[in-house]
Amino acid sequence: MTSPASPVFDWTGPLGLPEFTKIATTDFAPAFETALAEHDAEIQAIAGNAEAPSFANTVEALELAGNKLSRVSSLFWNRAGTDTNDAIQALERDIAPRMSRHYSKIAMNKALFERVDSLYQKRSDIGLSPEQDRVLERIWKSFVKSGAALDEAGQSRLAEVGEKLAGLGAQFGQNVLADEKNYLLLLNDGADLDGLSDDLRATMAAVAEDLGHKGKYAVTLSRSIIEPFLSTSARRDLRETAFKAWTARGTDGDTDNAALISQIISLRTEKAMLLGYDSYAAYKLDDTMAKTPEAVEALLGDVWARAVTHADTDRAELAKLITEEGGNHEVAAWDWRYYAEKLKARRFDFSEAELKPYFPLSGMIDACFDVANRLFGITMTERTDIAGPHKDARVFEVRGRDGKIIATFIADYFARPSKRSGAWMSGMRSQHKLAMPDGTKGEIPIITNVMNFAKPAAGKEALLSLNDARTLFHEFGHALHGMLSDVTYPSLSGTSVSRDFVELPSQLFEHWLTVPEILEKHARHYKTGEPIPRALLDKVLAAQTFNAGFAAVEFTASALVDMAWHTAGDKTDPATFEAETLKKLGMPEAIAMRHASPHFLHVFSGEGYSAGYYSYMWSEVLDADAFAAFEETGDPFDPETAEKLRSYVYSAGGSRDPAELYKAFRGRMPDATAMLEKRGLA
411 MTSPASPVFD WTGPLGLPEF TKIATTDFAP AFETALAEHD AEIQAIAGNA EAPSFANTVE
471 ALELAGNKLS RVSSLFWNRA GTDTNDAIQA LERDIAPRMS RHYSKIAMNK ALFERVDSLY
531 QKRSDIGLSP EQDRVLERIW KSFVKSGAAL DEAGQSRLAE VGEKLAGLGA QFGQNVLADE
591 KNYLLLLNDG ADLDGLSDDL RATMAAVAED LGHKGKYAVT LSRSIIEPFL STSARRDLRE
651 TAFKAWTARG TDGDTDNAAL ISQIISLRTE KAMLLGYDSY AAYKLDDTMA KTPEAVEALL
711 GDVWARAVTH ADTDRAELAK LITEEGGNHE VAAWDWRYYA EKLKARRFDF SEAELKPYFP
771 LSGMIDACFD VANRLFGITM TERTDIAGPH KDARVFEVRG RDGKIIATFI ADYFARPSKR
831 SGAWMSGMRS QHKLAMPDGT KGEIPIITNV MNFAKPAAGK EALLSLNDAR TLFHEFGHAL
891 HGMLSDVTYP SLSGTSVSRD FVELPSQLFE HWLTVPEILE KHARHYKTGE PIPRALLDKV
951 LAAQTFNAGF AAVEFTASAL VDMAWHTAGD KTDPATFEAE TLKKLGMPEA IAMRHASPHF
1011 LHVFSGEGYS AGYYSYMWSE VLDADAFAAF EETGDPFDPE TAEKLRSYVY SAGGSRDPAE
1071 LYKAFRGRMP DATAMLEKRG LA
């Protein structure tokens, strides 16, 4: 057993943080042992309480139980995602199924569920506040969906299924990370670099040098390198090589995920059937805004038809451009980005290379903070005196209008081989107002943003593409959802909302990136400090819906395949099932899914976005309509609208049904018109 003095549990540093530099990999295993045992004892005490069930001794006690487990889990999963190693990965493979087994045991504790159920059945008679009623309902449903109402045999099998799924998901993610980490296409000076901007060349040279290949240029599978390379490299042979490696993640040798996908789908289907659902998708959608797979398919189907039509028109234009340049080949998947970039430059008279110098990372961070200040009155101050969880991570204190600290924000912006790909927000600690065992009232949130921008050479500025800048705004929108949370109960805090509502705060925040006054203020040349020229800004805004068909096809194909897997997925041959599903849809040959199944981390590395990738588009319907509320006032920072947005979206967490929250903000439910117009698909 670890001692209580373990640095994993000592969160008494500045801003309530642990001392990250004192936490060794070897600290995690004993910390998990201590935390699991303590949480188990807390649960037994609640379940075995001789007093009659009350909201305080059952629901609130459950809300506060497991504090140590939450701490070690948040620190461990952050390190597993951002700075992993062999020892961390071995522990991850062990602890994921153990955690599943631990929580299954809690969910299937008969005495505990009886206490919760007795309160739930008489909830209208015990004087609960609306938020108390909501948290009780959420906890009760969680128990039921975790098998509390099953017989002993059903509970045992459900626990076994959950444990197996946790282990398979961990292995799936590690396989993808291994493929991303191990791939390296080294280029030489000269013809290998034709078409690449000076900025991209410098970044690739810095990455190559970091990996021990000074004098070379590295193409990795980090999206911040592979996408600009595919968009600008004049070497079609190199584009093909890199693209095929990018889309082949999780398909070969020891890291082939096919067998894992088959097992995951089979086990998820069994889980849903055990709980009385027709499909895993029906199980996952039961407590969302969409409610049913049919509702999801109706939205995606409409967008898909429009997207394919637009993409076909765009493909014809790209083919014409290839012919004009003397090419005699069809538009292949490794050609689309390259010729689309050329077509955009011709149509709008600017290129991504011309744009990037006006989007330095530092300026875009300032833009995020400025928008948050103007909308919600918060200020962000970097604390360079506090070490983060990695040497590249930055720590910020967050203060409200009254000057009080309301949150801690940690940002980790740069890609590295030990970090999984993508971008995400997570909470190291959730906001709540309950009295703690030490007498303090509540806790302020500790929120992290993780990105994978290409790290520049020492002393150089990281330059972002417009899509990179959108990603930065997107994840900071998630962070605001966590930082501005103002609820009583931890399980309702921040992003603890239905999957198809959780993307609203993030996608909505993206809109402020392209508000002209924000770009004019913060999109400044990284060398001269000059603002982005108005003429260039006008072109950028005019080009926002360019290539809309491609973007919608690659996303919607992934979402539709996700739903297909979880409604009637073939459990024997994943590659064939995916190919046949795409054939039925009429997938354009020149476009690849944004996330093919073997590396679809959202869906197969865990259950968070499984049967839920559609939620980005569902939330897009909401975010387009929500931003229209500001546009209707003529002021993108209208104070009255911003205050309602904070109250009913960013601060409300899961305290009310998401449809109720949206209607409280907007006065009505949205339709898809604004979203289709925003995407250029109307």
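Quick note: to get my numbering, add 410 to the position in the sequence shown (first position is 1).
We treat Cβ as the ideally placed atom computed from N, Cα and C, and that holds for glycine.
This structure is a prediction, so every number in the text was calculated from the model and none was measured.
Can you tell me whether S840 is buried or exposed, with buried defined as 16 or more other CB within 10 angstroms of its CB?
-> Counting from 1 along the sequence shown, the entry for residue 840 is found at position 430. With 16 or more other Cβ atoms within 10 Å, it is buried.
Among L873, A833, D776, the one whose alpha carbon lies nearest that of F769 = Sequence index remark: in the sequence shown, residue 769 carries index 359 (1-based). Closest option to F769, Cα to Cα, is L873.
Name the DSSP bridge partner or partners of H842?
-> Here the question's residue 842 lines up with position 432 in the sequence shown. According to DSSP, which records beta bridges pairwise, H842 is partnered with E853.
Member of N459, F465, N477 whose CA lies at the smallest distance from the CA of M838 = Taking the sequence shown and counting its residues from 1, one reaches residue 838 at position 428. M838 has its Cα closest to that of N477, out of N459, F465, N477.
What is the DSSP secondary structure of S634, counted as helix, strand or coil?
-> As a position in the sequence shown, residue 634 is number 224, starting the count at 1. Correct three-state label for S634: helix.
Beta-carbon separation (whole angstroms), N862 vs A825, contact threshold 8 Å | Along the sequence shown, read from residue 1 onward, the residue named residue 862 stands at position 452. Along the sequence shown, read from residue 1 onward, the residue named residue 825 stands at position 415. The pair is a contact, with the Cβ atoms about 4 Å apart (cut-off 8 Å).
Pairing CB atoms from the stretch 723-739 with CB atoms from the stretch 937-951, are three or more of them under 8 Å?
-> no
Beta strand (DSSP E) runs wholly inside the stretch 594-666, at least 3 long, in chain order = 595-597, 627-629
Sequence-distant residues of the same chain with beta carbon closer than 6 Å to V741, five excluded per side = Walking along the sequence shown from the start, residue 741 turns up at place 331. Answer for V741: R725, L728, A729, A1000, listed in chain order.
Check whether the stretch 1029-1048 touches the stretch 762-778, counting contact only when three or more Cβ pairs, one atom from each stretch, lie closer than 8 Å.
-> no
Give a yes or no on whether the minimum CB-CB distance between P926 and chain D is below 8 Å.
-> The displayed structure is made up of one protein chain only, and chain D is not part of it.
Where does W421 sit, in a helix, a strand or coil, going by DSSP?
-> Looking up residue 421 in the sequence shown gives position 11. Of the three classes helix, strand and coil, the one that applies to W421 here is coil, per DSSP.
Pull up the distance between the alpha-carbon of M411 and that of A447, whole angstroms please.
-> Indexing the sequence shown from 1 puts residue 411 at position 1. Indexing the sequence shown from 1 puts residue 447 at position 37. Low local confidence applies: a pLDDT of 39 at M411 is under 50, so the model's placement there is unreliable, with the coordinate-based value given in what follows. Taking the straight line joining both Cα atoms gives about 10 Å.
Inter-residue spacing [alpha-carbon to alpha-carbon] between S413 and I856 | Here residue 413 refers to the residue found at position 3 of the sequence shown. Here residue 856 refers to the residue found at position 446 of the sequence shown. Low per-residue confidence applies at S413: pLDDT is 46, beneath 50, and the placement is therefore not dependable, though the value from the model is reported in the following sentence. Distance between the alpha carbons of S413 and I856: 24 Å.
Could you name the residues that DSSP lists as bridge partners for N738?
-> Reading the sequence shown from its first residue, position 328 is the one you call residue 738. DSSP output for N738 lists no bridge partner at all.
Output the boundary residues of the alpha helix (DSSP H) element that contains F553.
-> As a first step, residue 553 must be located in the sequence shown, where it is residue number 143. Start and end: 540-555.
Uninterrupted beta strand (DSSP E) stretches inside the stretch 805-831 (no shorter than 3 residues) = 815-824
How is the alpha helix (DSSP H) around M1003 delimited, first residue to last?
-> Against the sequence shown, residue 1003 aligns to sequence position 593. Here M1003 belongs to no alpha helix (DSSP H), and DSSP marks it neither H nor E.
When E807, P866, T723 are compared against F956, the one with the closest alpha-carbon = Within the sequence shown, numbered from 1, the residue matching residue 956 stands at position 546. The residue with the shortest Cα to Cα distance from F956 is T723.
Quick one: grab the DSSP three-state call for W744.
-> Counting from one through the sequence shown, the residue named residue 744 turns up at place 334. Reduced to three states, the DSSP call for W744 is coil.
Does the count of Cβ pairs from the stretch 1031-1042 and the stretch 714-721 closer than 8 Å reach three?
-> no
Would you kindly report the start and end of the unbroken alpha helix (DSSP H) that includes M893?
-> In the sequence shown, residue 893 corresponds to position 483, counting from 1. 876-893 is the extent of the alpha helix (DSSP H) around M893.
What separation, rounded to the nearest whole angstrom, lies between the Cα atoms of T905 and E913?
-> Locating residue 905 in the sequence shown gives position 495, where the first residue counts as 1. Locating residue 913 in the sequence shown gives position 503, where the first residue counts as 1. Cα to Cα, the separation comes out at about 9 Å.
In its own chain, which residues sit with a C-beta less than 7 Å from the C-beta of T1051, not counting the 5 before and 5 after it?
-> Residue mapping note: residue 1051 aligns to position 641 of the sequence shown, counting from 1. Cβ neighbours of T1051 beyond the five flanking positions: A1039, F1040, T1043.
Pick from H976, F1037, R1004: whose alpha carbon is nearest that of H921?
-> Taking the sequence shown and counting its residues from 1, one reaches residue 921 at position 511. Out of H976, F1037, R1004, F1037 has the C-alpha closest to the C-alpha of H921.
Where does G686 sit, in a helix, a strand or coil, going by DSSP?
-> The count along the sequence shown starts at 1 and reaches residue 686 at position 276. G686: coil per DSSP, three-state reduction.
Three-state secondary structure assigned by DSSP to R756 | Counting from 1 along the sequence shown, the entry for residue 756 is found at position 346. If DSSP states are grouped into helix, strand and coil, R756 belongs with the helices.
Throw me the rounded Cβ distance for the S1065 and L923 pair, which I believe falls under 8 Å.
-> Position 655 of the sequence shown, counting from 1, holds the residue named residue 1065. Position 513 of the sequence shown, counting from 1, holds the residue named residue 923. Actually they do not touch by this definition, with Cβ atoms about 29 Å apart.
Mind the definition here: the stretch 749-759 touches the stretch 654-672 only if three or more C-beta pairs lie below 8 Å; say whether that holds.
-> no
Can you tell me whether K1100 is buried or exposed, with buried defined as 16 or more other CB within 10 angstroms of its CB?
-> In the structure as shown, the chain starts at 411 and stops at 1092, and residue 1100 therefore has no counterpart that could be examined.
Buried versus exposed call for P540 [16 or more other C-beta atoms within 10 Å across all chains shown] | Counted from its first residue, the sequence shown places residue 540 at position 130. Exposed: under 16 other Cβ atoms inside 10 Å.
Looking only at DSSP bridge pairs, what is V860 linked to?
-> As a first step, residue 860 is located in the sequence shown; it is residue number 450 there, counting from the start. Beta-bridge pairing links V860 to D822, W834.
Nearest to E570 by CA position, among A864, V617, G605, A506, is which residue?
-> Looking up residue 570 in the sequence shown gives position 160. When only C-alpha atoms are compared, the closest one is A506.
Buried or exposed: N488, going by 16 or more other Cβ atoms within 10 Å of its Cβ?
-> Here residue 488 refers to the residue found at position 78 when the sequence shown is read from its first residue. N488 is buried by the Cβ-count criterion.
List the endpoints of the continuous beta strand (DSSP E) containing M790.
-> By 1-based counting over the sequence shown, the position of residue 790 is 380. From DSSP, the beta strand (DSSP E) with M790 extends over 789-792.
Distance between A682 and D688 (C-alpha atoms, nearest Å) = Translated into positions along the sequence shown, residue 688 becomes position 278. Translated into positions along the sequence shown, residue 682 becomes position 272. In a straight line, the C-alpha of D688 is about 7 Å away from that of A682.
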